[in-house]
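Numbering (this note's numbering), first residue to last: 1335 to 1510.
A virtual CB, placed ideally from N, CA and C, is assigned to each residue, including glycine.
The model shown is predicted, which means the values in this text are computed figures rather than measured ones.
Data block below; observations after.
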Amino acid sequence: MEQTLRDSGCRFCMVRLPEYYGPQVVTLTARVFQAALRGTRMLWPGRLSVEVEFVLMMDAAEALLQVGSAEGIDGEVFHVPGIPTTAREFIGAVYRAAGRRPRALAVPPFLLKLAGLGSPTVRAAADIAHLWTNPILLDASKYPRRFDRAPQTPYQEGITQTLAWHRRVPNLIIQG
């Protein structure tokens, strides 16, 4: 896609983000918050010890606005950093903030593929399980050089905001 854009002559820039979480986010990370509030086990699509990054949706929006309104960045690619952690650490922080003992189970990719035969939701998780089985950390060193700092809300603050939102919408239907 990037090469097609470059070849087209269109003006563009690209922003790559890690997995996001936060109020009104209804993807994988929302399942963590729901499980924590219910006190149920979180089934995670991959190893819990893999290093990952998450970014609060409001931080992602701020970064997109910074890049989108900047001058002289045609054709550039920016990676917005998250705060490195592991799935186990992130899930544990969410459960503890909800007043619960962390309960998570790593689901191996082959089980996701098998379960995906009967569920489009699980099939979609199996398709992206590689994101959770190997560390994928973005080289975000360019972003702060151009924009001074990357927006990074500490996990505890973002988790508190997100739990408050999930408490207000307990019957949330999660996509995918």
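I'd like to confirm the pairing. Which residues does DSSP put opposite residue i in its beta bridges?
i	result
residue 1499	Paired residue(s): none; residue 1499 is not in a bridge.
residue 1385	1420
residue 1376	1438
residue 1411	1348
residue 1355	1390
I'd like to know whether the C-beta atoms of residue i and residue j end up nearer to each other than 8 Å.
i	j	result
residue 1472	residue 1421	no
residue 1359	residue 1398	no
residue 1427	residue 1507	no
residue 1435	residue 1375	no
residue 1352	residue 1385	no
residue 1380	residue 1467	yes
residue 1456	residue 1463	no
residue 1497	residue 1431	yes
Select from the options the residue whose C-alpha is nearest the C-alpha of residue i.
i	options	result
residue 1484	1357, 1356 and 1390	1390
residue 1415	1354, 1451, 1491 and 1499	1354
residue 1460	1377, 1341, 1342 and 1371	1377
residue 1411	1479, 1338, 1347 and 1491	1347
residue 1405	1480, 1491, 1489 and 1504	1480
Could you give the residue range of the beta strand (DSSP E) that holds residue i?
i	result
residue 1417	1417-1420
residue 1348	1348-1350
With respect to the alpha helix (DSSP H) encompassing residue i, which residues constitute its N-terminal and C-terminal limits?
i	result
residue 1478	1476-1481
residue 1467	1464-1467
residue 1455	1454-1461
residue 1504	Premise fails: residue 1504 is in no alpha helix (DSSP H) and is neither H nor E.
residue 1451	Note, residue 1451: premise wrong, no alpha helix (DSSP H); not H, not E.
I'd like to confirm something about residue i: is its beta-carbon nearer than 7 Å to some heavy atom of the ligand ZN, or not?
i	result
residue 1501	Looking at this structure, you won't find the ligand ZN or any other ligand, since it has none at all.
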